[in-house]
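Below: one structure, written as structure tokens.
Protein chains: 2
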Amino acid sequence: MGAAEPIAGLRSGPYTAPQARIIAAAVELFSDHGVSGTSLQMIADTIGVTKAAVYHQFKTKDEIVLAAAEAELARLEAALDAAGAEPSRTRTREVLVTHIVDLAVQRRHAVSVILSDPVIIPFFSQHEPFRRVLDRLNRLLMGDDAGSAGRLATTMLMAAISGAVMHPLFADLDNDTLRPELLHLARRFLDLPG
Amino acid sequence: MGAAEPIAGLRSGPYTAPQARIIAAAVELFSDHGVSGTSLQMIADTIGVTKAAVYHQFKTKDEIVLAAAEAELARLEAALDAAGAEPSRTRTREVLVTHIVDLAVQRRHAVSVILSDPVIIPFFSQHEPFRRVLDRLNRLLMGDDAGSAGRLATTMLMAAISGAVMHPLFADLDNDTLRPELLHLARRFLDLPG
DNA sequence: GTCTATACGCGGATAGAC
DNA sequence: GTCTATCCGCGTATAGAC
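Chains as they are written, first to last, in numbering that gives the first Met the number 0: chain A, 0 to 193; chain B, 0 to 193.
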């Protein structure tokens, strides 16, 4: 089964030590200032090197953004793995939506790294590994036979969850209040009881 | 009643002719290249003037973005007006969700102007007129007594709808196919029949 | 009032020396 | 691998022509 295997091209590694330092600094800065609000200079200053040194590790800023986004995407893959191991389809959907909500709440700020930037979205929709993750997510949620209607529902659910956790109007809502309400509404969208 | 009155500060006008030309060009360019992907130079070139001439009409790029976003937001207000005139609360919700879906599908690309840019979202959450539109939307959808749970549901619904119409994976889905499916899922989220 | 000319500082990006 | 130096385009800003 390919279910438990990492998707080709979606490497969380292998990165060299300098690359890993850059990614770590980037994720932190992207979360605080947004992608476009973070300059290579800021990343360079954070790890104490020059802008050109950063450039030697990653040819473009987009590559850094992509690496940071892939790190977040890998968490979603882990949720797919866990849900796929459940015995029934109902259980799969229940576990999956719960994990996704948990993940979204837990990584609240970082969700914007992968979803809120205009650079990433068009890029990822051309990105084979990303599409395969979405396909797998869609199959687990909606079943193998769901067509464009199923994909639309999956897209809406993901947009709804990430839109909610990212929204500034709920920035001061603490995780323990947000999570159950979010889960309840997500389950209702999926026609799950509760 | 303030329901039918335009919200103070949310002017679609009055703009001078040069300003209106800039806004029109900006909306077009933002839709095609995104906000941060659109430079003042591109706007200037489109209407055949210099960058400084654009800068003379609007002191910052953010002001242009705001004006473009307000033009889109005014369309949402019109939907609120229409829905608010319905006799029953059920009818209000039905008409409102239908108009919002229609608007989102019809203005597919432009939705990103108001919702997808990292610059706009934090800015608008501080923007009084915008908050009042959101409050009014929330009351019409969820009722006067709905607290943070109602606001969360409203946020999720709007994020789901706009996320769906903006998603590149559905860019090739034509409007007449997208609209009914979107409406169906949105209604289900609101516990409306059908 | 509307525009042009010009400039500053910062952004991403590149070339070549150590 | 990291540096210095440099490039061009960006948003921003001002002075002044018509």
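Glycine residues also receive a C-beta, built at the ideal position from the N, C-alpha and C atoms.
Taking residue i as part of the alpha helix (DSSP H), name the residues at either end of that continuous run.
i                      : result
residue 176 of chain A : 174-188
residue 80 of chain B  : 60-83
residue 163 of chain B : 147-165
residue 34 of chain A  : Here residue 34 of chain A belongs to no alpha helix (DSSP H), and DSSP marks it neither H nor E.
residue 88 of chain B  : 88-105
Would you grab the beta carbon distance between residue i and residue j for me? Rounded to a whole angstrom, and I think it's under 8 Å.
i                      : j                      : result
residue 129 of chain B : residue 72 of chain B  : 7 Å
residue 75 of chain A  : residue 60 of chain A  : Wrong, their Cβ atoms sit about 23 Å apart, outside the cutoff.
residue 185 of chain A : residue 139 of chain A : Actually they are not in contact, since the Cβ atoms of residue 185 of chain A and residue 139 of chain A sit about 14 Å apart, beyond 8 Å.
residue 158 of chain B : residue 68 of chain A  : About 19 Å; that fails the 8 Å criterion.
residue 70 of chain A  : residue 22 of chain A  : 7 Å
residue 163 of chain B : residue 151 of chain A : 6 Å
Going straight from the alpha carbon of residue i to that of residue j, what length do you get?
i                      : j                      : result
residue 0 of chain B   : residue 84 of chain B  : Summary for residue 0 of chain B: the model assigns pLDDT 35, below 50, so the residue's position carries little reliability, and this model does not support an answer.
residue 65 of chain A  : residue 25 of chain A  : 11 Å
residue 197 of chain A : residue 190 of chain B : The displayed coordinates of chain A run from 0 to 193. Any statement about residue 197 of chain A would go beyond what the structure contains.
residue 171 of chain A : residue 147 of chain B : 11 Å
residue 178 of chain B : residue 100 of chain B : 7 Å
residue 31 of chain B  : residue 37 of chain B  : 9 Å
residue 187 of chain B : residue 188 of chain A : 7 Å
residue 176 of chain A : residue 165 of chain A : 15 Å
residue 43 of chain B  : residue 103 of chain B : 28 Å
residue 174 of chain A : residue 105 of chain A : 7 Å
residue 192 of chain A : residue 167 of chain A : 29 Å
residue 3 of chain A   : residue 160 of chain B : Below a pLDDT of 50, predicted positions are generally treated as unreliable, and residue 3 of chain A, at 29, falls in that range; the measurement from the model is reported next regardless. Approximately 32 Å, taken between the alpha carbons.
residue 180 of chain B : residue 154 of chain B : 20 Å
residue 96 of chain B  : residue 110 of chain B : 16 Å
residue 132 of chain A : residue 20 of chain B  : 43 Å
residue 6 of chain A   : residue 79 of chain A  : Below a pLDDT of 50, predicted positions are generally treated as unreliable, and residue 6 of chain A, at 32, falls in that range; the measurement from the model is reported next regardless. Distance between the alpha carbons of residue 6 of chain A and residue 79 of chain A: 12 Å.
residue 142 of chain A : residue 122 of chain A : 27 Å
residue 107 of chain B : residue 77 of chain B  : 17 Å
residue 93 of chain A  : residue 144 of chain B : 30 Å
residue 58 of chain B  : residue 182 of chain A : 44 Å
residue 197 of chain A : residue 134 of chain A : The displayed coordinates of chain A run from 0 to 193. Any statement about residue 197 of chain A would go beyond what the structure contains.
residue 27 of chain A  : residue 47 of chain A  : 15 Å
residue 124 of chain A : residue 169 of chain B : 10 Å
residue 15 of chain B  : residue 56 of chain B  : 9 Å
residue 260 of chain A : residue 52 of chain A  : Here chain A has residues from 0 to 193 only, and residue 260 of chain A is not among them.
residue 126 of chain B : residue 90 of chain A  : 43 Å
residue 137 of chain B : residue 86 of chain B  : 18 Å
residue 149 of chain A : residue 156 of chain B : 17 Å
residue 63 of chain B  : residue 41 of chain A  : 27 Å
residue 54 of chain B  : residue 45 of chain B  : 14 Å
residue 17 of chain A  : residue 98 of chain B  : 52 Å
residue 88 of chain A  : residue 13 of chain B  : 57 Å
Does DSSP put residue i in a helix, in a strand, or in coil?
i                      : result
residue 49 of chain A  : coil
residue 121 of chain A : helix
residue 57 of chain B  : coil
residue 111 of chain A : helix
residue 143 of chain A : coil
residue 15 of chain B  : coil
residue 20 of chain A  : helix
residue 134 of chain B : helix
residue 170 of chain B : coil
residue 126 of chain B : coil
residue 28 of chain B  : helix
residue 192 of chain A : coil
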